[in-house]
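These notes concern the structure reproduced below.
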């Protein structure tokens, strides 16, 4: 009897701060070193429409305009990662969304100190992963 988990996919965004600081390769290497497979990857300047679709659940909150402004301010790298338990693994590698509280050894804990400039986004559930992959990589959905 196999203990293998089903393979799942997750969306990751290396936000404009990660790209501007030249951390793309270092962050991607962490995911690959853990055994995650890069299924799709592109560097782009995000449209406000794509950003609004991605962050739709935050619309109406006081921080929403700044969120949209930031994610569309400069190029980012969007990617789809795949493995058993990909969502859980990526979120653990990324660390707490509050970079000041992120554990050492995590991407945010090692590389960021800013709460709202926290380098990476990752899907938080299978449902959101499917929705987000559909927004950024419709050909992979």
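Numbering (my numbering), first residue to last: 28 to 168. Note that beta-carbon positions come from the ideal geometry of N, C-alpha and C, so glycine has one too.
Asked	Found
Option nearest residue 109 by Cα separation, candidates 141, 126, 58 and 52	58
Complete alpha helix (DSSP H) runs within the region 35-108 (minimum length 4 residues, chain order)	43-47, 51-60, 75-81 and 91-98
Residues sharing a beta bridge with residue 152, DSSP	For residue 152, which the question treats as bridged, DSSP gives no partner whatsoever.
Span of the alpha helix (DSSP H), counted from its first residue to its last, around residue 6	For residue 6 there is no data in the structure shown, the boundaries of the chain being 28 and 168.
Touch test, the region 79-89 against the region 156-167, Cβ-Cβ under 8 Å, three pairs minimum	yes
Contact belief for residue 122 with residue 129 at Cβ below 8 Å, rounded distance in angstroms	3 Å
Endpoints, the alpha helix (DSSP H) within which residue 144 is located	Looking at the DSSP string, residue 144 is not in any alpha helix (DSSP H), and its letter there is neither H nor E.
Given residue 126 as reference, the closest of 117, 138, 116 and 119 once Cα atoms are compared	138
Own chain partners of residue 98 with C-beta closer than 6 Å, once the 5 adjacent residues on each side are dropped	73 and 78
N-terminal and C-terminal residue of the alpha helix (DSSP H) that residue 113 is part of	113-121
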